[in-house]
Structures are given as C-alpha cells and as structure tokens.
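Undergrad: The following block contains the structure, expressed as structure tokens.
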Amino acid sequence: MKLRLIFLFWITAFSTLSSQEHSPAPLHEFRGVWIASVANIDWPSRPGLSTEDQKRELLWLLDQHQRMGLNAVVFQIRPTADAFFSDGKEPWSYYLTGKQGQAPEPFYDPLEFAIEAAHDRNMELHAWFNPYRASQDSDAGKRSRDHISHTRPEWFYTYNNKTYFNPGIPEVREYIVEVILDVVMRYDVDGIHFDDYFYPYPGKDPLPDSMTYEKYGTADFNTIEDWRRNNVDLLVKELNESIHQAKPWVKFGISPFAIWRNKKEDPRGSETNGFTNYDGLFADVYKWLEEGWMDYVNPQIYFPFHYPPAAFEKLLDWWSKNSFGKQVYVGQAPYRSLEGKNGWEDWSQLPRQVRALRQKDNIHGSVYFSSRSLMNNMAGFADSLRLDLYQHPALIPPMKWLDSIPPAPPANVRATVIDRFVRLRWDSPAVAHDAQKPYGYVVYRFEENGPIDLESGAHIVGISFKPQPFFFDAKSEPGKKYRYVIRAMDRIKNLSTPAPVVEVVIPD
C-alpha cells in the first residue's frame, strides 16, 4: 500500500506538471459522471434510507463531483420499469424505499430535488432510462402488484433470469415513449439518456421472441435479426422526434457498447475483434448517427491503450470519424483502473485517455462510470481531474442543430470593490432574435497585462445557470488590477458576444 501511495504521488505530480506545460483548458468540454441507482451502485447507498439521508448523500456526491470539475450528471431514474420520480406511470423503485411502489416518507421527489441541486452547482442533469429491462431477476413476487409486468404480462419475456419488455410488440414502444415524454414534459431535465441495454446481452439460449416475429415481422423482414434491429430503430427515431417536439432544447443521447461492428464483419467497422452492438444487441448505432436520430453518442470505451481485441486509440479514432456531425462523449472506466492487468497496471491510462480525446476534433468530452469509483479516487484519478485535467472550468458544448442563435450580450457592466472583493452587476440583455431570454452567464477575469482570451476556460471565474445579473468575486488579490468580461448563455450553452471590458483595481 505504501508503494502504491508513493506511485500515486508521482503520477499526480507528473500529471499536474504535464498539464501546466501542455494540457489545454478547453472552453467547451462535456465532463459527466453516471450516478447509477440499479442495485444501489452509487445512490442511494442502500434501499430504504430516510429522506434526509437520501438528500444528504446526493448533495455530498454532487458537491464532490463539482470539486472534481465535472459539469454534468447522468442520473438513473428508471432502472427496472420503476421510478425515482413522482406521479408517473410506473411504481416507486425498490432501490429507493426498499419496497417497490412505496413512496419516500417524508415525501419528496428525488428527480426534482436532483435537478435543482445539479443546476445550483451549474451542472446539467441527463435523466437516464433503461428502456427494456423490467427486473433484475425473474422473481415476480419482488415486484409490486401494479408493476407493468403484472398488468400487461403479454408484453414481457424472461431471459437469463431477468424480465424484459419484448421490443417487437408495437404497444411496448408506444408505452416506453409515453413514460419518457411524461418526464420531459414535467421536469426541467437537460437530456434524456439511454445506456447499452437494448435487446439483452446474449446467453446460451436463443431469445424467446420467435412467435412475436411470426406475428409482426415475417412480411417485411427476411431475418429475425433485421426485424429486431428495426424494432429498436423505431423506438430511437420516434423518441428523438417526440422529445424535440415537446422541448427543442432537451438533448437525446445514447451510450452504446464500444464496438458498433468489427471491420471483418463490415468494411465500415473498427479495427477490433470483439462483441458488437449491431450483431449482439441489435442496436445499429451507426445508422442512428447517420440518420441524425440522436444529439450525442457516448460509447463505452472501457479498454486501455493497445489492448489487442479493442484498443482505446483505435476505437477513439473510429468514433471520431463516424460522428456524422453529432457530439461524441467518451465513456471511460475508472472502475476498471485497479484491475492490474491488460494495461491497467499503468495508472496513467485514464489521464492519458483524456489528453488523447482532446486531440480529436470530433470528440467533445467524457462520461465516467461511475460515481462510486470517482468518489473512491480509484488509481488517484479523481485527484488527477481536480488538480490537473479539470482544474479550470468548462462549459457544455453547444448543439447548433438544436439552437444556433446566441443570446444578446449583457449591458452596462459595472464593478464595485467591497472589502477588497469585487461585485459585478449588469443590465439583463435584450431578448435574442429567437425571443429567448438568457439562461445564465459566464464571467471571465484577466490580469492587467494578460491577453483577453475568451476561448480558454483558464480565465473563467464564474458560471451560473441562473439569469441573475450579478457576480461576487471573492478570490481577488490585494494590489492587483483585473479586467472582467461577461457573456450571456442560453439553454443550449450558446454564448453571446462579450460585454465591454470593465477594469478594477484592488486596494492594498
């Protein structure tokens, strides 16, 4: 253990030095973490915690992730056709209260609470749904009497000891879209997120959906595999259209397994030799990107550099070249960092991956699985984020296809020194050309002789997801002269042109 701590010290020290000399401070970078509720992986720590303990745990997680420099959380709210939110179509989750269908007591709405807490910390919240899984085991007695698998049993099959919606039934697709749109309409979420679980990961037995294929698929499809892929295609396409029709600013993203197809199976595939989305899960992610059916893809590249079956650098290059103009956030695996084999012996793997993805024009950030592994600082990676890679803030990358019109700039910026601290105030901007008001603001600070560089996060001292026209800089130093620049920000994180520079001298 002592040798490991010494090694961690040198890795952290080297990473910080390397960052100061070479690493950029990007203005835009998605920096997310999955907070998994299934089996209580991340939150809450166990079923049936009191309301106050649940809130306390979640706020602690968000505070720590904010300190690490993260700007987004992917929050699992429907792990098994159940709910971490109120008044929906499905029962309260067992993982929340210890009994499926039982509400928190005293009552609160975990999703509403999480959204508000994330936005208070200037972090986006993407609501994470598992579309098809209905239970983690086949024991129907663990599900409440009003669980959908009891009320509509003909919609489900059991496979590998778990219960799943049958994606080949049209009413299933309609139901899932309804569940998700209910959340989009009622909650201030920033995005809707799917993970890699579409059709189940294959076991030794075939999927029990041949009769469904005979009923719905044989007239239009030559193989059951093509029919299955089309079933998932229909859900993804319909959901993308429905989300953006309901709220154009809500993003839709999917986090698939790392490999779409291997090149030996398809010349468009990657230089890999492993399990694939297309053939194993019937998820044609390439098609979804090509057709524009999602706003971002978050491939789970949970492999180290130079790993023979699926090297990180080869998959990174493939996703960068096949993004079709959408954003790519790389799924990274701190939970694997202590495996001690296949390249994970090297604790610099994850920091080097972050630096590598920053060199790709079509890669826009990272999402880490999962919160617990970051909180435990596995391989010292959370320290690397906080002290080095994410030591400066970054904004969520804007999505121009959702909204390309920036807000108007703030006006009449003024500064006052109060007890050697700086209070900035300004007039709210005029309404933008698309009739939108500002969603928040970004504050830059520059020292007297430094250049005004608005394309670097190194100079950001404040980000706010609230349209309050003021900022208090409590980190100014006596005797220094500062220049401040304010920019307005809309919901998609487009930035206005800068307001005129205002200068301040801090008295000794």
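With the working numbering, the residue at position 89 of the sequence shown is 352, and numbering never jumps. C-beta: ideal position from N, C-alpha, C; glycine also. The structure displayed is predicted, hence computed values, not measured ones.
Indicate the three-state DSSP secondary structure (helix, strand or coil) for F461 in the structure shown.
TA: coil
Undergrad: How would you label F709, buried or exposed, when you count the other beta carbons within 10 angstroms and need 16 or more for buried?
TA: buried
Undergrad: Under 7 Å between the Cβ atoms of D472 and G516?
TA: no
Undergrad: Quick check on R524: buried or exposed, where buried means 16 or more other Cβ atoms within 10 Å of its Cβ?
TA: buried
Undergrad: On the DSSP bridge list, what partners appear for P289?
TA: Looking at the DSSP output, P289 shares a beta bridge with S719.
Undergrad: Helix, strand or coil for E284? Go by DSSP, reduced to three states.
TA: Low per-residue confidence applies at E284: pLDDT is 46, beneath 50, and the placement is therefore not dependable, though the value from the model is reported in the following sentence. Helix at E284.
Undergrad: Under 8 Å Cβ to Cβ from P770, same chain only, skipping five residues before and after it: list those, please.
TA: V680, R683, P741, G742
Undergrad: Check whether the stretch 370-383 and the stretch 311-320 are in contact - that is, three or more C-beta pairs closer than 8 Å.
TA: At 8 Å Cβ cutoff, the stretches touch.
Undergrad: I'd like to confirm the pairing. Which residues does DSSP put opposite V593 in its beta bridges?
TA: Beta-bridge pairing links V593 to S629.
Undergrad: Would you call the stretch 607-618 in contact with the stretch 635-655, where contact means no fewer than 3 C-beta pairs closer than 8 Å?
TA: yes
Undergrad: Measure how close the beta-carbons of V630 and G594 come, nearest whole angstrom, since I'm counting them as under 8 Å.
TA: 5 Å
Undergrad: Quick one: grab the DSSP three-state call for Y476.
TA: helix
Undergrad: Who are the Cβ neighbours of A619 in its own chain at under 7 Å, not counting the five residues just before and after it?
TA: E576, L579
Undergrad: What is the residue span of the beta strand (DSSP E) that W581 lies within?
TA: Segment 575-584 is the alpha helix (DSSP H) holding W581; no beta strand (DSSP E) there.
Undergrad: Please report how far the alpha carbon of M557 lies from the alpha carbon of L444, in whole angstroms.
TA: 15 Å
Undergrad: Would you check if the distance between the CB atom of P692 and the CB atom of P661 is smaller than 7 Å?
TA: no
Undergrad: At what residues does the beta strand (DSSP E) containing Q339 begin and finish?
TA: 335-341
Undergrad: Would you mind working out which of M386, L498, H389, Q363 sits nearest I411, comparing C-alpha positions?
TA: Q363
Undergrad: Which first and last residues belong to the alpha helix (DSSP H) in which Y438 is found?
TA: 433-449
Undergrad: With distance defined between alpha-carbon atoms, name the residue in Q590, S727, Y565 nearest to K606.
TA: In the sequence as displayed, the identity of residue 606 is Gly instead of Lys. Answer by Cα proximity: Y565.
Undergrad: G537 to V767, Cα distance in whole Å?
TA: 59 Å
Undergrad: What are the residues that DSSP puts in a beta bridge with D690?
TA: A674
Undergrad: Give the C-beta separation of I487 and Y479 to the nearest angstrom, bearing in mind that I take them to be a contact with Cβ-Cβ under 8 Å.
TA: About 11 Å; that fails the 8 Å criterion.
Undergrad: Is the beta carbon of V773 less than 7 Å from the beta carbon of A509?
TA: Because the chain is modelled from 264 through 771, residue 773 falls outside the range shown and cannot be assessed.
Undergrad: Do you know how far the Cα of Q563 is from the Cα of Y592?
TA: 9 Å
Undergrad: Do you know how far the Cα of Y747 is from the Cα of G725?
TA: G725 and Y747: Cα-Cα distance of roughly 11 Å.
Undergrad: What distance in whole Å lies between the Cβ atoms of P669 and I757, which are believed to be in contact at a cut-off of 8 Å?
TA: Note on identity: in this sequence residue 757 is Asn, with Ile being the wrong assignment. 4 Å between Cβ atoms; contact.
Undergrad: For a test of the three-state rule: what should DSSP assign to F709, helix, strand or coil?
TA: strand
Undergrad: Taking only three categories from DSSP, how would you classify F538?
TA: It is coil, neither helix nor strand.
Undergrad: Express the C-alpha separation of N393 and S300 in angstroms, rounding to a whole number.
TA: 11 Å
Undergrad: Can you list, in chain order, the residues of its chain with a C-beta nearer than 6 Å to that of L502? Leave out the 5 residues immediately preceding and following it.
TA: V440
Undergrad: Using beta-carbon positions only, say whether A657 and E292 come within less than 7 Å of one another.
TA: yes
Undergrad: Could you tell me if Q622 is buried or exposed, where buried requires 16 or more neighbouring beta carbons within 10 angstroms of its beta carbon?
TA: exposed
Undergrad: Please name the residue or residues paired with I749 in a DSSP beta bridge.
TA: Residue pairing of I749 in beta bridges, as defined by DSSP: V706.
Undergrad: Starting from the C-beta of N303, find all residues in its chain whose C-beta is less than 6 Å away, skip the five residues before and the five after it, and write them out in chain order.
TA: R309, Y358
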